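S.K.: Got a structure for you, questions after.
4 protein chains.
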Amino acid sequence: MLRSAIVGSTGYAGLELTRLLLRHPRVVPPLLLSRESQASEDQERRELFSPVDGTMIPIHPFSWDLLKKHDIELLFLATPHEVSRAWVPEALERGLRVVDLSGAWRLQNPDYRAVYKFSDEGAAADAVLSRAVFGMPELHREQIRDAQLIANPGCYPTAVILALMPLLRDGLIDLDHGIISDSKSGVTGAGKKPSQGTHFAEVSENFRAYGVFTHRHTGEILEQLELTPEQMTFSVHLLPIRRGILSSIYFHLRQKAGNAEIEASLRRFHAGNCFIRIFHPPRLPELQHVAYTNFCDVGWTLSPEGKRVMMVCCIDNLGKGAAGQAVQNMNVMYGWDETEGLIG
Amino acid sequence: MLRSAIVGSTGYAGLELTRLLLRHPRVVPPLLLSRESQASEDQERRELFSPVDGTMIPIHPFSWDLLKKHDIELLFLATPHEVSRAWVPEALERGLRVVDLSGAWRLQNPDYRAVYKFSDEGAAADAVLSRAVFGMPELHREQIRDAQLIANPGCYPTAVILALMPLLRDGLIDLDHGIISDSKSGVTGAGKKPSQGTHFAEVSENFRAYGVFTHRHTGEILEQLELTPEQMTFSVHLLPIRRGILSSIYFHLRQKAGNAEIEASLRRFHAGNCFIRIFHPPRLPELQHVAYTNFCDVGWTLSPEGKRVMMVCCIDNLGKGAAGQAVQNMNVMYGWDETEGLIG
Amino acid sequence: MLRSAIVGSTGYAGLELTRLLLRHPRVVPPLLLSRESQASEDQERRELFSPVDGTMIPIHPFSWDLLKKHDIELLFLATPHEVSRAWVPEALERGLRVVDLSGAWRLQNPDYRAVYKFSDEGAAADAVLSRAVFGMPELHREQIRDAQLIANPGCYPTAVILALMPLLRDGLIDLDHGIISDSKSGVTGAGKKPSQGTHFAEVSENFRAYGVFTHRHTGEILEQLELTPEQMTFSVHLLPIRRGILSSIYFHLRQKAGNAEIEASLRRFHAGNCFIRIFHPPRLPELQHVAYTNFCDVGWTLSPEGKRVMMVCCIDNLGKGAAGQAVQNMNVMYGWDETEGLIG
Amino acid sequence: MLRSAIVGSTGYAGLELTRLLLRHPRVVPPLLLSRESQASEDQERRELFSPVDGTMIPIHPFSWDLLKKHDIELLFLATPHEVSRAWVPEALERGLRVVDLSGAWRLQNPDYRAVYKFSDEGAAADAVLSRAVFGMPELHREQIRDAQLIANPGCYPTAVILALMPLLRDGLIDLDHGIISDSKSGVTGAGKKPSQGTHFAEVSENFRAYGVFTHRHTGEILEQLELTPEQMTFSVHLLPIRRGILSSIYFHLRQKAGNAEIEASLRRFHAGNCFIRIFHPPRLPELQHVAYTNFCDVGWTLSPEGKRVMMVCCIDNLGKGAAGQAVQNMNVMYGWDETEGLIG
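Line by line, the protein sequences are chains A, B, C and D.
No gaps in the numbering here: position 155 of the first sequence is 154 in numbering that gives the first Met the number 0, and each next residue is one more.
No gaps in the numbering here: position 86 of the second sequence is 85 in numbering that gives the first Met the number 0, and each next residue is one more.
No gaps in the numbering here: position 163 of the third sequence is 162 in numbering that gives the first Met the number 0, and each next residue is one more.
No gaps in the numbering here: position 297 of the fourth sequence is 296 in numbering that gives the first Met the number 0, and each next residue is one more.
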């Protein structure tokens with residue numbers, strides 16, 4: 000049984016990860032850690048308190064000694080990216096394997112990384128970065144198996160990359176024409192900190208775009224898909240729901256094609272990718288079927304003249320978009336069945 | 000045409016009041032005032048910008064001179080109660096009529112007022128208080144007509160008082176048994192300031208009680224209905240909706256009765272109260288029919304043995320529970336038709 | 000005071016129209032009509048019952064005689080399009096002016112009309128159609144003034160047309176590249192009839208696309224904007240909200256431009272169009288600011304290289320997208336101020 | 000590994016049960032059965048399709064032969080109560096163990112059963128009924144272990160009974176005064192069939208009471224708690240959420256008491272009941288902490304004078320209120336750890 004710890008377990012992704020690990024047959028209940036000594040009310044995960052003896056799962060202040068004392072082997076970081084930048088080097092040095100849910104180590108291209116304004120750019124950080132593997136098993140399964148540091152992908156990029164990669168690899172998309180991803184996310188994607196923009200009365204019965212052309216997840220999409228900024232228009236919107244991301248993706252085919260060619264491309268690439276579900280037209284994915292799962296559902300519609308395509312892909316932003324993918328990565332890292340603890 | 004000003008127009012009640020006054024046939028567009036010089040983005044009510052010339056309605060920093068310069072006659076305060084306590088004395092001295100939407104001047108009983116911890120209790124405040132009229136036209140229409148200071152009622156008390164007063168006056172309710180009001184409110188009742196408790200992801204798909212036995216609106220209910228604290232159990236809950244308050248009120252009848260006697264009591268008291276709609280059993284009020292109106296809907300169900308009653312009453316907390324009632328009070332104060340600007 | 004009647008007042012658009020007409024200073028309360036004798040519970044609009052005397056507004060079974068008896072001059076049809084097709088010819092013959100909220104008379108191009116499968120196509124219908132004016136005052140104000148039959152626009156086309164027309168007229172958009180409108184609507188747009196797709200538990204916490212490339216509103220957009228089907232990709236999604244439509248529109252500029260040129264084009268076209276609000280970048284419209292209004296808000300973001308544009312436009316689908324625009328058309332038809340009854 | 004089947008797997012409770020069984024370590028994936036041959040689209044549970052080989056879980060038309068062929072030992076019925084009444088006798092005869100989620104076999108008292116208007120009342124049905132065990136492990140664990148037929152409790156009664164039973168057993172509640180349960184449920188409790196009352200636009204931003212004094216779950220509460228109809232006022236309301244039931248329960252104590260006595264009573268009764276979480280005042284349960292779990296959370300507030308109590312209890316209506324409790328019953332029936340498959 001694997002011993003793991005979670006830093007940042009009071010956020011939405013950290014809570015979801017705790018839930019998934021409690022249910023996982025190959026890990027002991029995770030050690031929950033807080034970056035700071037906090038108010039007593041936050042010292043326990045009350046949503047999760049153990050039914051066995053009526054006590055709640057405690058949250059300990061973080062210390063390296065505590066990790067050692069509990070023989071922790073795998074460290075999950077559900078922390079702000081600055082924290083991940085600061086802690087990962089020491090964690091690696093101490094021999095821990097790390098799955099980092101933040102954006103700290105996802106981007107190799109310094110141009111794309113600029114948006115994060117990391118204060119520690121330099122040779123030392125580059126050395127860590129060179130060991131980081133972008134944690135999307137469907138793309139990098141082999142490297143993940145042996146990696147010490149997994150950069151768990153962002154929620155928006157996950158579905159967009161999984162939907163587009165097959166057709167891009169097969170050269171079906173007219174890149175001169177460009178690709179548009181009109182993406183929509185639930186509110187847990189914005190984190191737990193209260194703000195005017197996440198106030199219930201400002202979100203409910205409302206809908207709005209934000210971060211058009213500028214969202215910091217853009218770089219991940221470009222880097223993984225090997226596109227230029229001009230080839231990809233990426234916009235994001237806030238949905239009045241708790242969980243889920245759906246992207247409507249528009250592009251032109253290089254030449255007229257039928258549904259069969261699109262489907263063949265998707266199925267070929269995703270053969271063996273057990274969490275990718277491909278829908279036959281005219282059925283399109285919807286958020287309710289991926290909520291509380293690790294699935295990524297992909298469908299599309301072809302225009303009457305056979306040139307224009309609208310793809311629809313969706314995930315649970317806390318599932319495949321964060322905690323679920325982190326568990327999937329763990330399963331790959333330890334050679335377990337990739338679906339362990341992630342079904343049902 | 001009456002000239003009025005609103006202080007606190009950026010909150011939910013202030014915005015609703017602005018909307019209602021813009022639509023009112025007997026007032027000029029209100030002067031919008033802010034208590035402090037704020038960030039430029041808040042300097043205009045963008046939801047409301049004037050369609051006539053495409054400009055937005057400006058929000059001016061408050062000053063007594065500005066009120067004078069604009070010949071303001073009526074001042075609406077949609078401000079925290081401390082602000083209302085501080086400003087009302089001078090406003091009265093300057094000859095302004097005031098409708099105060101806060102809890103500053105609602106309670107004559109010092110025991111009930113204690114919950115507000117006013118720092119200015121004393122002879123001067125008592126003098127102001129003695130001139131304040133509890134602004135519920137259905138109860139105090141005559142005094143409102145001539146009042147200089149209207150204490151606009153709280154949202155929770157409004158519906159509870161309007162539903163119970165008729166039966167209490169007629170002695171139908173068994174007070175030894177006590178009354179329970181299980182009240183539920185939408186999120187705009189909690190104000191616009193972001194907090195963990197109003198974060199979308201903590202409210203949506205959630206429901207919770209708060210403030211049981213201790214809510215500061217309790218005193219208003221007791222004072223107006225002339226009940227003792229032991230006779231009234233008042234609890235409040237947060238609904239995952241934007242607007243509306245519904246209270247389920249339980250009591251025993253002093254003696255067995257039929258629906259006809261209950262209905263007669265309600266209709267007798269509310270004859271001429273044009274915003275009170277009384278429902279025949281088995282139909283019960285629901286929030287959607289009062290949303291964006293000034294109506295207070297009242298219905299009830301009698302138990303099979305004819306002793307127990309569940310009443311249901313509801314209002315829009317920003318309408319009859321705040322801005323709508325403020326406009327209704329204005330209509331009474333100036334001798335206009337009570338429904339002016341409040342229909343449709 | 001104008002005398003008008005509404006057929007179909009129990010649907011969402013019909014209810015909103017009733018509310019707006021009750022508030023309008025130049026019309027008497029509308030006569031509410033039902034197409035069929037229905038169950039007694041539906042015989043009155045209980046949301047709206049008159050506060051003056053406590054009675055509800057009755058709904059009468061439709062008859063031409065009743066219209067005559069009440070001296071009705073203007074007939075609003077909030078009916079299915081088949082009903083509008085059947086009734087309008089007689090209404091015109093009887094000298095009534097008609098504002099039809101259905102899709103019955105909006106499309107002159109028979110190819111676009113085919114989607115409705117009208118059973119009465121032919122010379123008689125063509126004669127009626129030739130007298131119909133597409134009821135968008137911002138485009139056809141002069142013809143509306145004198146029209147006997149107004150085809151009130153569909154909800155989706157309204158905002159898309161108002162946003163794109165200025166830039167298309169000015170030749171700013173690269174039509175070879177095509178335009179994409181990713182549109183999202185609240186549930187009242189789907190009508191009041193219960194279905195699996197509008198069940199609360201299938202909509203709440205969900206989001207999905209439907210009707211991609213095939214929505215029957217597509218023809219209206221193409222016809223008014225004079226585009227070919229290949230030039231316009233139109234997709235629609237269901238938002239878990241009650242009211243509102245927001246469209247994210249993507250296109251390339253014919254040549255690189257700045258925000259100033261886009262804004263100039265919009266302001267030039269919409270000068271005098273009092274319900275169109277144009278936002279400066281980086282501010283973008285959001286649904287909450289148009290809810291319960293007749294405004295259409297338009298904004299945009301320009302890509303860093305100055306070639307790609309994402310426009311955002313939104314309306315209340317029951318306001319400017321249906322009942323509000325119907326009242327605006329009435330105001331134009333009778334020479335009243337276009338904002339009469341539509342402000343606040 | 001246990002072999003089980005579910006009839007009615009397309010409803011909300013049936014889907015949740017399928018999910019839980021897929022995740023359960025001691026059962027093979029359940030056989031999904033439909034009562035009738037249905038449209039092809041319904042022939043598979045698409046939310047659940049197997050990630051292993053990309054196929055969906057098929058739904059077979061029901062037949063006894065199919066059960067036999069698959070060696071089914073345990074049958075879950077998530078069917079309307081009439082269907083359960085018709086099928087259970089044969090199932091028992093064929094030696095199957097049955098967990099019935101409907102109200103068919105929950106009530107021994109014929110007066111309470113009358114509300115269901117069963118057409119098959121008589122000696123044969125009585126014989127079946129005498130073998131049915133009310134499936135609430137916290138009350139009837141021993142009988143459940145050996146039962147062939149489990150009547151899985153209703154969603155509303157589950158939390159109300161679990162909250163009140165300890166204090167009633169200990170004689171703390173003043174029964175002359177009566178008990179009030181003001182209960183609120185999410186929409187999945189109303190089933191999947193579309194109706195006006197579950198239309199998104201009629202539920203969202205709305206709240207309403209229904210079934211006051213008459214809800215058919217009342218009998219279960221009275222029978223299990225051994226109360227008379229006059230001692231219990233039970234009202235239900237519809238919350239604009241998908242999942243969850245919260246009840247606010249009001250009563251007087253027989254004599255003044257402190258929080259310690261109430262807590263002691265609850266903890267004594269529920270010692271060993273691993274899904275009951277008892278909250279210290281002033282913390283009260285809220286729905287979000289039980290959503291997607293099998294927990295029942297219980298808390299309370301005592302009035303200042305120590306006589307009146309408001310208890311708050313809540314569950315997930317599809318979890319502990321239906322499918323979760325069914326799995327818990329299965330765990331008890333087969334001697335497994337009661338939490339198996341229900342944690343995380």
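Backbone N, C-alpha and C fix where the C-beta goes; we use that ideal spot for every residue, glycine too.
Note that this is a predicted model, so its numbers are computed, not measured.
Buried or exposed for A/Val122, please, with buried defined as at least 16 other CB atoms from any protein chain shown within 10 angstroms of its CB.
M.R.: Residue identity check: residue 122 of chain A is Ala in the sequence provided, not Val. Counting Cβ neighbours within 10 Å, A/Ala122 comes out exposed, since fewer than 16 surround it.
S.K.: So that I know if they touch, is there some Cβ in chain A lying closer than 8 Å to that of D/Pro165?
M.R.: So, not an interface residue.
S.K.: Determine, using beta carbons only, whether C/Gly305 and C/Gly257 come nearer to each other than 8 Å.
M.R.: yes
S.K.: Using 10 angstroms around the beta-carbon of D/His279, count the other beta-carbons present and answer buried if the total reaches 16, otherwise exposed.
M.R.: Result: exposed.
S.K.: Give the straight-line distance between the Cα atoms of C/Phe250 and A/Arg282, rounded to the nearest whole angstrom.
M.R.: Spanning the two alpha carbons is a distance of roughly 27 Å.
S.K.: Within its chain, find whatever has a CB closer than 6 Å to the CB of D/Gly188; leave out the 5 residues flanking it on each side and keep chain order.
M.R.: Cys154 and Asn316
S.K.: Nearer than 7 Å: is that true of the beta carbon of A/Leu73 relative to any heavy atom of the ligand SAH?
M.R.: Here there are no bound small molecules, and the ligand SAH is not part of this structure.
S.K.: So what's C/Tyr344 in DSSP terms, helix, strand or just coil?
M.R.: Past the edges of chain C, shown from 0 to 343, lies residue 344 of chain C, and the structure says nothing about it.
S.K.: Ignoring anything shorter than 4 residues or poking outside the region 87 to 139 of chain A, list the alpha helix (DSSP H) runs there in chain order.
M.R.: 109 to 112 and 122 to 130
S.K.: How about B/Arg22: is its C-beta nearer than 8 Å to some C-beta of chain C?
M.R.: yes
S.K.: Does the CB of C/Glu204 have a neighbour CB from chain B at under 8 Å?
M.R.: yes
S.K.: Which residues in chain C sit within 8 Å of A/Thr17, going by Cβ to Cβ distance?
M.R.: The premise fails here: A/Thr17 is roughly 21 Å from chain C at the closest Cβ pair, so nothing lies under 8 Å.
S.K.: Quick one, which residues of the region 302 to 324 of chain B are near chain D if we go by CB-CB under 7 Å, in chain order?
M.R.: Ser302, Pro303, Glu304, Arg307, Met309 and Val311
S.K.: Between the beta-carbon of D/Ala208 and the beta-carbon of D/Met310, is there less than 8 Å?
M.R.: no
S.K.: Enumerate in chain order the residues of its own chain whose CB-to-CB distance from C/Thr79 is below 7 Å, with the five nearest sequence positions on each side excluded.
M.R.: Strictly speaking, residue 79 of chain C in this sequence is Pro, with Thr absent from that position. Result list for C/Pro79: Ser101, in chain order.
S.K.: Would you verify that the beta carbon of B/Thr9 is, or is not, closer than 8 Å to some beta carbon of chain A?
M.R.: no
S.K.: Starting from D/His251, follow the beta strand (DSSP E) in both directions and report where the run begins and ends.
M.R.: Ile244 to His251
S.K.: For D/Val235, report the span of its beta strand (DSSP E) as first-last.
M.R.: Met231 to Leu237
S.K.: What's the call for A/Arg109, buried or exposed, on a 16-neighbour Cβ count within 10 Å?
M.R.: According to the sequence shown, residue 109 of chain A is Pro rather than Arg. Under this definition A/Pro109 is an exposed residue.
S.K.: Closer than 8 Å by beta-carbon distance: list the chain B residues that pair up with A/Pro193, in chain order.
M.R.: Pro193, Ser194, Gln195, Thr197 and His198
S.K.: On the DSSP bridge list, what partners appear for A/Cys313?
M.R.: A/Leu245 and A/Asp296
S.K.: Between which two residues does the alpha helix (DSSP H) holding A/Lys183 run?
M.R.: Counting along the chain, A/Lys183 falls outside any alpha helix (DSSP H), though it belongs to the beta strand (DSSP E) covering Ile178 to Ser184.
S.K.: What does the Cβ neighbour count give for C/Met332, buried or exposed, with the cut at 16 atoms within 10 Å?
M.R.: buried
S.K.: So with Cβ pairs under 8 Å, would you call D/Thr187 a contact of chain C?
M.R.: yes
S.K.: Can you give me, in chain order, the residues of the region 214 to 232 of chain A that have a beta carbon less than 9 Å from any beta carbon in chain C?
M.R.: Of all residues in the region 214 to 232 of chain A, only Pro228, Glu229 and Thr232 come within less than 9 Å of chain C when Cβ atoms are compared, listed by chain position.
S.K.: If you compare alpha carbons, which of B/His69, B/Arg215 and B/His236 is closest to B/Tyr111?
M.R.: Nearest of B/His69, B/Arg215 and B/His236 to B/Tyr111, Cα basis: B/Arg215.
S.K.: Note the first and the last residue of the continuous alpha helix (DSSP H) segment covering A/His269.
M.R.: Taken as a continuous stretch (DSSP letters only), the alpha helix (DSSP H) holding A/His269 covers Asn258 to His269.
S.K.: Please report the distance separating the alpha-carbon of B/Phe344 from that of B/Leu167.
M.R.: With chain B represented from 0 up to 343, any question about residue 344 of chain B goes unanswered, as that position is not in the structure.
S.K.: From the DSSP output, which residues share a beta bridge with B/Phe75?
M.R.: B/Ile5 and B/Val98
S.K.: With 16 other CB atoms within 10 Å as the buried threshold, where does C/Thr17 fall?
M.R.: buried
S.K.: Counting only beta-carbon separations shorter than 8 Å, does D/Ile342 have a partner in chain A?
M.R.: yes
S.K.: Put A/Ile56 into one of helix, strand or coil per three-state DSSP.
M.R.: strand
S.K.: Please list the terminal residues of the continuous alpha helix (DSSP H) segment that includes C/Leu171.
M.R.: Here C/Leu171 belongs to no alpha helix (DSSP H), and DSSP marks it neither H nor E.
S.K.: Residues in the region 240 to 269 of chain A with C-beta within 8 Å of chain B's C-beta atoms, listed in sequence order?
M.R.: Ile240 and Arg241
S.K.: Report the residue ranges of all beta strand (DSSP E) runs contained in full by the region 179 to 226 of chain B; include only those spanning at least 3 residues, in chain order.
M.R.: 207 to 209
S.K.: Let me see if you follow: with CB-CB separation under 8 Å, is B/Tyr209 close to chain C or not?
M.R.: Interface flag for B/Tyr209 against chain C is unset, since no Cβ pair is found closer than 8 Å.
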